[in-house]
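Trainee: Supplied in C-alpha cells, the structure appears directly below.
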Amino acid sequence: MGKRSVGELPVFDFLVVIALGAVVGADIADPKIEHIHTAVAIILIGLLQRVVSVWAIKSRTFGKWITFEPTVVVSDGTLLVKNMRKVRYSTDNILQMLREKDIFHLNDVELAILEANGKLSVYKKPLKATVTLADMGLPEPPKGIAYPLILEGAVSEKVLSYLHKDEAWLEDQLQAKGIQKEDIFYASIDDNLELHISQTSSGPIPPIEH
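Per the working numbering, the sequence shown starts with residue 12, numbered consecutively.
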C-alpha cells in the first residue's frame, strides 16, 4: 500500500484493511479457529492486494474502475449539483471542507475537486490568490462570512431577518438578475448584501481525470 495514511488509501486498499481486520478479529474472538487458517487468509488477501495494485498501475481503465475518479464539485464559484449528487456529498459537506481551507465565499473558488481519497483540492481565482490588500499595506473592507440564504429553493427566513430584509426584497434582487427562486440550488449572501447564486442547471464541467 506504500507510505500512505489511512485517510489517503484508495477505496480498494481501504477494503483490504477492513478485510484483514475482520480475519484477525475472528481469529482472536474464536479460539476454535486454527491460526494456520488465519495466516493463509492474510497471505492470500495480501497477494490479492498486490496483484490488483500492479494491474491498476499497468491499466489506467482498471485503476479507475476500482477507485473513485476525481470529481469537480465547484467551477467558477458555482456548485455543480449533478456531480455532488453523483458522489453523494451535500452542500454542507462541501462548504465545511472549504471553510477548513479558510475559504468562506464560494465566489473565491475557481475550481474545487473532490479527490479519490475524499479530500478537497481547491484552486482559487487568480485575483484571490495573488497580491492581497494586506500585501500592499492597504486596509481591506470587511465583508464578513457568507450566510446560506437559499438551499434547493427554500429561503432562510432567519438569514433575511438577521439582515433586516424580507422576501419581497429578495424577489426584487432575483428579478434584477433574471433568475427564478425555484431554479436556485444554493445562494449565499454576505454582510454587504452581495448575493452569490449556484443554479440547479450549471454550465460545462471541466474535464478532470486521474
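A virtual CB, placed ideally from N, CA and C, is assigned to each residue, including glycine.
Is N94 buried or exposed, if buried means 16 or more other CB atoms sit within 10 Å of its CB?
Mentor: It is buried - the Cβ of N94 has at least 16 other Cβ atoms within 10 Å.
Trainee: Taking the alpha-carbon positions, what's the A179 to K136 distance?
Mentor: Approximately 33 Å, taken between the alpha carbons.
Trainee: Take I124 and list the residues in its own chain whose beta-carbon comes closer than 6 Å to its own, dropping the five residues that flank it on each side.
Mentor: Correct list, in chain order: P81, V83, S132 and I219.
Trainee: What would DSSP say about L109, mapped onto helix, strand or coil?
Mentor: L109: helix per DSSP, three-state reduction.
Trainee: When burial is assigned at 16 or more other CB atoms within 10 Å of the CB, is L90 buried or exposed?
Mentor: Result: buried.
Trainee: Might you give, ordered along the chain, the residues of its own chain that have their beta carbon closer than 6 Å to the beta carbon of S16, omitting 5 neighbours on each side?
Mentor: Model confidence at S16 stands at a pLDDT of 42, short of 50, so the residue's coordinates are unreliable and nothing is read from them.
Trainee: Measuring alpha carbon to alpha carbon, tell me which of K69, I39, G164 and V35 ends up nearest I54.
Mentor: Considering only alpha carbons, the answer is V35.
Trainee: Would you list the one or two residues that DSSP bridges to L162?
Mentor: For L162, which the question treats as bridged, DSSP gives the partners A165 and Y197.
Trainee: Use the C-beta contact count for V120: other C-beta atoms within 10 angstroms, 16 or more gives buried, fewer gives exposed.
Mentor: So V120 ends up on the buried side.
Trainee: On a CA-only basis, which of T102, G57, L122 and E205 is nearest Q184? Give me that one, please.
Mentor: Per the Cα distances, E205.
Trainee: Which of the three DSSP states is assigned to L204 in this structure?
Mentor: Correct three-state label for L204: coil.
Trainee: Would you check if the distance between the CB atom of G88 and the CB atom of N128 is smaller than 9 Å?
Mentor: Their beta carbons are not under 9 Å apart, which means G88 does not touch N128 by this criterion.
Trainee: Starting from A123, trace the beta strand (DSSP E) both ways and give me its first and last residue.
Mentor: Note, A123: beta strand (DSSP E), V120 to L125.
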